[in-house]
Amino acid sequence: LINQHWLKGKNAVRLLLLLAAIGVAVAAIGFHTISDRFDFLRSDWDALGAHGNSDTSLGIRVALWDIGLKAFREMPLFGHGVGANQLLIRQGFQDLFAKTAGFNHFHNGFLTALVQAGILGAVTLAAIFVVAGRNAALVLRNSADPIERFGATMVVVMVITYLTAGMTGILIGQDILDSVFMVFLVSGTYLASGRQAPLPEEMPLPPVTQ
1 LINQHWLKGK NAVRLLLLLA AIGVAVAAIG FHTISDRFDF LRSDWDALGA
51 HGNSDTSLGI RVALWDIGLK AFREMPLFGH GVGANQLLIR QGFQDLFAKT
101 AGFNHFHNGF LTALVQAGIL GAVTLAAIFV VAGRNAALVL RNSADPIERF
151 GATMVVVMVI TYLTAGMTGI LIGQDILDSV FMVFLVSGTY LASGRQAPLP
201 EEMPLPPVTQ
């Protein structure tokens, strides 16, 4: 992806075989863990759908999403503010289940952004990912410079990772996640789209007069 000239002929075949071997190894090692997680998910789904039991991992997430959607509908334009999550979740669990819960986000980064900042804030946040991803895609399509392609790859990895993780977790708003986000976004954009100015030619030294 970074050095496209290298990905030709035998090198491309070797890379595909290596990726396939890594995929098989990861699948073999993590098969039992993944299978157990699917069993838990199926059990939680049955408990929620058939018995209305929300006291499971899936049930709690569904309740958080329901509370978040209701909160977004109350203030859709500007949102409730950054510090309102815990109060909204606590009040929502009290209304639904007559109990309190100590969550500070809605287990969906996009929904959390809508609740906190409304449509305007969520659109602004989405624009960051859209512009960054578009610029990186253009660099990967048009540039053959390894440095520029490395920077674009950093941005693509960051965008895919954060958008995927944000579906069921935090998108931004946590110190470590925000730091990694800024490092990858700024450094990757600089390497991918920064201008390279030629070094100034050395000026000849003035003649020495005696």
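1 is the number of the first residue of the sequence shown in the working numbering; add one for each residue after it. All residues carry an ideal CB built from backbone N, CA and C; glycine is no exception.
Query, Result
"Can you tell me whether residue 33 is buried or exposed? The criterion is at least 16 other CB atoms within 10 Å of its CB, across all chains shown.", "exposed"
"According to DSSP, simplified to helix, strand and coil, what is residue 99?", "coil"
"Within its chain, find whatever has a CB closer than 8 Å to the CB of residue 167; leave out the 5 residues flanking it on each side and keep chain order.", "108, 109 and 110"
"Is the stretch 117 to 136 touching the stretch 157 to 176, taking contact as three or more C-beta pairs under 8 Å?", "yes"
"Assign residue 59 to one of two classes, buried (16 or more other C-beta atoms within 10 Å of its C-beta) or exposed (fewer than that).", "buried"
"Taking all protein chains shown into account, do 16 or more other C-beta atoms lie within 10 angstroms of the C-beta of residue 211, making it buried, or fewer, making it exposed?", "Look at the range of the chain in this structure, 1 to 210, and you will see that residue 211 is not part of it."
"Just tell me which of 181, 97, 26 and 91 has its CA closest to the CA of residue 56.", "97"
"Suppose the cutoff is 7 Å on Cβ atoms and the five residues either side in sequence are ignored; what does the same chain contact list for residue 80 look like?", "71, 88, 115 and 116"
"Hey, how far is the Cα of residue 175 from the Cα of residue 113?", "16 Å"
"If contacts are defined as beta-carbon pairs under 8 Å, then residue 91 and residue 104 qualify, I think. What distance do you get, rounded to the angstrom?", "Their Cβ separation, rounded to whole angstroms, is 14 Å, which puts residue 91 and residue 104 out of contact at 8 Å."
"Return no unless some Cβ of chain D is closer than 8 Å to the Cβ of residue 171.", "Reference to chain D is not applicable here, since this structure consists of a single protein chain."
"Could you say which of 29, 188 and 172 lies nearest to residue 148 if we only look at CA atoms?", "188"
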